[in-house]
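Mapping the sequence shown onto UniProt numbering, position 1061 (from 1) lands on 1061, and the numbers just tick up by one. For glycine and all other residues, C-beta sits at the position ideal for the given N, C-alpha and C.
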Amino acid sequence: MLSDIVEKDVNSHAEAPAPAPPSAPVTGFPIPKIRSQFKKSRKKTEEPVAGTSAIANAASAVHDQSIDAENRNLIAKMSKEEILQEQEDIEEKLGAKMVEFLRKRAAKKETIDEQPIGDVYEQQMLERKQEDAGKEEFREGAAKVQRKSVRIQEKQPADDHQPDSTQRIIREKYFPDAKYNEDQHSWLTSLPPPSEESKGDTLRFDFHGNLMTGKKEAYLEGMHHHGLDQGSPGYTVDEFLMLSGSTNISQRILSLRSLSHILLKWYKREYTDETVQKLDYVQLGKAILSLRFAMSESNKSVVVAGLSGVASIVLEELHLDKHLNNGLTYAESASSTLKVYSGQLNLQPSEMKELLSTPLAFLTFRTDLADTLNDLLKGTAVIAGDNNEIKKVANIIFALSKHSIKTASECVNTPLFIERVVKTFIEKDWPSDEKPDSLAINALSAIAAASRSNASAIRSGKAVDVASRYLTIPPFKTSRKDAWFLAIESLILMRTMANYGIVQGVSAVELISGDCIRWLSNQKEELPSHSSAFIRALFETLEMWTICAIDPHHTSPHHIIVWTQVESFIDMALAALQGVRDELTIASVWSYLSIWLRGNKGVADKAKWLEEYINIEDTEKTFDHYSQTAINLLAQDDYENAASSLCIVNATTRLLSHIGPYNLPKELIDVLLNTVTETNTAAYNKLRPGLDALCRNILQSNLDNTENIHKALQLLTVLREGDESIVVAVLSHLLQNASPRVISTVTGFPEREAKASKETTVPLLIETAKLMLVDGIYSGISIHSNHLSQISTLTIPFDANTLLYENWALKITLDELSQSANSEALKNLPAHWNYSEVDLVMGGLTLQEMINKIMGTSCSKQLLQLMRIFLLELGVEGGEVFRNERVQIALERTLHKVLTGLENDKYTLEDAQEEARADIPFYQIYTDYVGLFESISLGDRNTAIMLFPPLLLAQEYRRLLWVDHAACVKSIKLTWTDFPKWFVNKLLFPLEHNVDVIRAYARAISTKSLVLDIQPLAYWIALHHSSLCLWHTQDEALRRDLIVALLSTHPETAKMVIQYDNDEHNLKLPGQAKASPEIIQRRLDCLKDNDETL
């Protein structure tokens, strides 16, 4: 073949003849003339040079021949052993299959060179299949070695400064005249092996978020880059973050997608524990922010990358509550960090890890996520018209609505947000080819459930008016599958709005009532799941509307619905009783019937009416069966199925309550209360139907025994936000129906105090509890559905999210008294209600004592409320309450018990104040207390006793009393018998280490401000710490000050100090605490050694 090629001089080749100009057209426009010199020159340069391809092929062939000749010369000079060694090396590097492939190709080439030219093509066609089979082997072998020339090199000594062979060959062959720059050409060099650092704690990922292995050969697997440590495959999170800010759009999109994959795998717990420990959570926090801020860009591709990442992460978050420690939801576990987060990424890794556990709250409150979502719903947004991306926005909105009350409310606080959601996702022609988004309606229901103000905003956005169109055609009369979901979510939205007295969509349900009656009565088989869900949503909505019609002056606006509108809906319920067989679905019908009977004054004998339509015996069997089922499921922590059983139990008890009293099994009550006490918010919401049933069981019980009172108090202790109506009902029933005789028996207080509490304090407590409903659930409604309040509260810690504080009776009383001038509860009480502060405080003490005796309580929490009785006198002259004889007697009895119980209390006073959700720290309360004691107490015994427990907390409290308010210490005339022995021991040991407090002790002894006969306890504390510190301190300055103060003033004091000694495990009173003669002599010797004279 090469013999047929004739070399030509490249510089003297003949120019190709110019093409003939086209002839002018006979008709039409004339031929355009090229006037631009730029176009002429461009056209000239684009003309191909004849023979260029042939010349290049010839040059390549000649170059290959020179290499072949050089290789043959080297082989000729090699010995047989060297040739065999080289062959073994080649076979080891390339593999046996690769070597065989190269041999066959060389043999084929020699055959082709010998064949005539005409047979070459046929030969190539015959062997093409064999050649294709060898290509894959060639690729596999080539990937195992670094790219090198096939030229055989002579072995030369290593030279650190010698350029890489690959780089040299490429430069000599293709860029012989180019100026060499080592930095610019460094990417052409062979890849170095991974550095030692990359083999340690550095984590590298591929573009799918998979961790790159750290094995020795991993750097040959690809994923190479031009950043630091080029020999290590993959990218670190920090490198991805750097690339996410690149000006190259493709590079930026790829890095954003990679970051979202890494975050999603972390949330799914797909990484090993070892990998999780090595993750840099500060960098992960920045990764989430990178995705979030990409949503605000102007480039659509970047927005889509950020939007996709955030949507996938927040939706995954909704399913991970069960994986967190202690069963906390994301909102609860991150609340403490979110409170202190300043908006800057300067948190510790542990804090950032906690913050990342709730990315939705993180993004919402620190980056205005709702505002960005609002902008993406505009008609001018970069994703406008892209249904796939708009759907992702709907997913994030859904996550916001379900996450927490705060994130749900953030949607309402963003201007025009609700209106745009309605217009984008819900407001579609119906029926039509358009596809409304039922998920968006669900999100609006969750937003409305968060608060009354949110529900009002949903009403202003006309969401129900728009959604009600999906009920105009019943879902069972259309073939569209999405009609079921749209109808169900629309009904749930209507029911949620009715929780707050906002009644909408009644006309749409009235329109389809006839069709529903015929459809329900004709059901012969068990309904599919979507049909059952539709029936449940329908009757739960009818139930809420019926409640509103019973008491229409609480609706908004008033009397928006009346009884005549809901009375006819009973026909649908009766039809459902005939056709529906699913017990969970029929339970919603029973709940509706019970409310309808309660409001229908035309049915005088309700029991007889029920017996006409319902088999009472079967209903009672259903109640017994599902009560036992709920007990078993709760014992197994199967809350999902237990919730269904409790719904049926709740519905049957509602229905049976019209026939006569019923009793929940005691075992069910115990396991239910124990479960909701310890469970998280998500599980608690599922168990609400059981709490509703327990509430009505208590309301019909007689509170003449402590067992029923205990049951009521225990229920009040566990109720959380969303159960305000149950709190009001149970608290009112308890306080009004517990007899003074029972209260007196339980507390040991005189019966006249129990009667006084029912006349004065009980009305105040009930009125205060009713104020919970101002912005809460609609008055009179008991929570019975697990659909309500399906959101956790972000700002309330998990262990304190109950509605009532542990010492609620005394706390509520003192709260109202401390703000009596502005107390809404006091203003709402009737005009004939007369009270005094003493009567209210005594009532609070009496009721609280009853609660504590039955339920038990934290002594620190109780002591905190007792201290507040004295603090009522702030700004008031005279001290009327704490000096009252009745209050004094009650305080003395209570304090003795509290001080005894403090030893084993798991709370401190600081914990109690923090859990009371007060903005004022306990140290400020104690400061006010000490100042008030100094000014008005006149050494009152009970108030003086309450000065001492805080001294066990920290040195700041002791400094406050002994240094800042030293003058009031001499009015404390308590003795050690006023406290338990363990408490006195804690006051004396361990020894004080605050220098200022020690000097204050010595000063009180040396100046005789304290005397053993007048202030025995205070004198003992001062003597004990000052004298023992004198002999044990290593601070020479302090020792000299103590010697001067204690030993240089009065001989009697010096003698007492030298002789005093005591032991923590064998505590002795001051007069008996004598040191041994040896210790005394050692102390005297110590003084002589220091040249001190007495």
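Can you tell me where the alpha helix (DSSP H) holding residue i begins and where it ends?
i, result
"Thr236", "First-last for Thr236: undefined, no H or E at that position."
"Gly843", "Glu837 to Met855"
"Met497", "Asp482 to Ala498"
"residue 1099", "Residue 1099 lies beyond the stretch modelled for the chain, which goes from 1 to 1094, so this question has no answer here."
"Leu516", "Before going further, note that residue 516 is Cys rather than Leu in the sequence given. Start and end: Val506 to Ser521."
"Trp976", "Careful: Trp976 lies outside any alpha helix (DSSP H) and carries neither H nor E."
"Phe534", "Ser529 to Ile550"
"Pro475", "Segment: none, Pro475 is in no alpha helix (DSSP H) and carries neither H nor E."
"Tyr907", "No alpha helix (DSSP H) holds Tyr907; DSSP gives it neither H nor E."
"Pro1016", "Pro1016 to His1032"
"Asp371", "Leu369 to Leu376"
"Trp266", "Ile249 to Tyr267"
"Ile614", "Careful: Ile614 lies outside any alpha helix (DSSP H) and carries neither H nor E."
"Pro763", "Thr761 to Lys770"
"Gln819", "Unbroken run through Gln819: none, as it is neither H nor E."
"Lys435", "First-last for Lys435: undefined, no H or E at that position."
"Lys524", "Segment: none, Lys524 is in no alpha helix (DSSP H) and carries neither H nor E."
"Arg958", "Gln955 to Arg959"
"Leu938", "That residue, Leu938, is in no alpha helix (DSSP H); it is neither H nor E in DSSP."
Looking only at DSSP bridge pairs, what is residue i linked to?
i, result
"Asp1063", "Asn1066"
"Lys1074", "Tyr1060"
"Arg720", "Thr802"
Specify the secondary structure class of residue i as computed by DSSP and reduced to three states.
i, result
"Leu699", "helix"
"Phe205", "strand"
"Ser657", "coil"
"His971", "Sequence check: residue 971 is Ser here, not His. Note: Ser971 maps to helix in three-state DSSP."
"Ala158", "Residue placement at Ala158 cannot be trusted, given a pLDDT of 42 that sits under 50; what the coordinates show is reported in the next sentence. Ala158 falls in the coil class under three-state DSSP."
"Leu932", "helix"
"Leu211", "strand"
"Asn600", "coil"
"Phe989", "coil"
"Asn413", "helix"
"Gly776", "Because the pLDDT at Gly776 is just 39, under 50, the model does not fix this residue reliably, and the value given afterwards should be weighed accordingly. DSSP places Gly776 in coil when its eight states are reduced to three."
"Ser858", "coil"
"Phe749", "coil"
"Ile1080", "helix"
"Ile383", "coil"
"Val742", "helix"
"Ile920", "coil"
"Glu893", "Strictly speaking, residue 893 in this sequence is Arg, with Glu absent from that position. Here Arg893 sits in helix by DSSP."
"His965", "coil"
"Val887", "helix"
"Asn395", "helix"
"Arg147", "Residue confidence for Arg147 is low, a pLDDT of 39 falling below 50, so the modelled location carries little weight and cannot support an answer."
"His625", "helix"
"Leu1047", "helix"
Within 8 Å, do at least three Cβ pairs link the segment 559–570 to the segment 626–637? Taking 8 Å as the limit for Cβ pairs, the verdict is that the segment 559–570 does not touch the segment 626–637.
Determine, using beta-carbon pairs with one atom in the segment 550–559 and one in the segment 501–511, whether at least three such pairs fall under 8 Å. Between the segment 550–559 and the segment 501–511, the count of Cβ pairs shorter than 8 Å is three or higher; the stretches touch.
Between the segment 863–870 and the segment 759–772, do at least 3 Cβ pairs fall closer than 8 Å? With fewer than three CB-CB distances shorter than 8 Å, the segment 863–870 does not count as touching the segment 759–772.
Just checking, does the segment 609–620 make contact with the segment 580–588 on the three C-beta pairs under 8 Å criterion? The segment 609–620 makes no contact with the segment 580–588: fewer than 3 CB pairs, one atom from each, lie closer than 8 Å.
Extract the residue ranges of the alpha helix (DSSP H) inside the segment 283–310, only unbroken runs of 4 or more that lie entirely within it. Entirely contained in the segment 283–310, not one alpha helix (DSSP H) run reaches 4 residues.
Please determine if the segment 585–602 and the segment 529–537 are in contact, where contact requires at least 3 C-beta pairs separated by less than 8 Å. Yes, the segment 585–602 touches the segment 529–537.
4-residue-minimum alpha helix (DSSP H) runs that sit fully inside the segment 635–694, ordered along the chain: The segment 635–694 contains these whole alpha helix (DSSP H) runs: 639–656, 666–678 and 681–686.
Answer yes if the segment 961–973 comes into contact with the segment 928–940, meaning at least three C-beta pairs across the two stretches below 8 Å, and no otherwise. Enough Cβ pairs lie closer than 8 Å, so yes.
If contact is defined by three or more beta carbon pairs under 8 Å, each pair taking one atom from either stretch, is the segment 297–310 in contact with the segment 246–257? Contact annotation: the segment 246–257 touches the segment 297–310, with at least three C-beta pairs closer than 8 Å.
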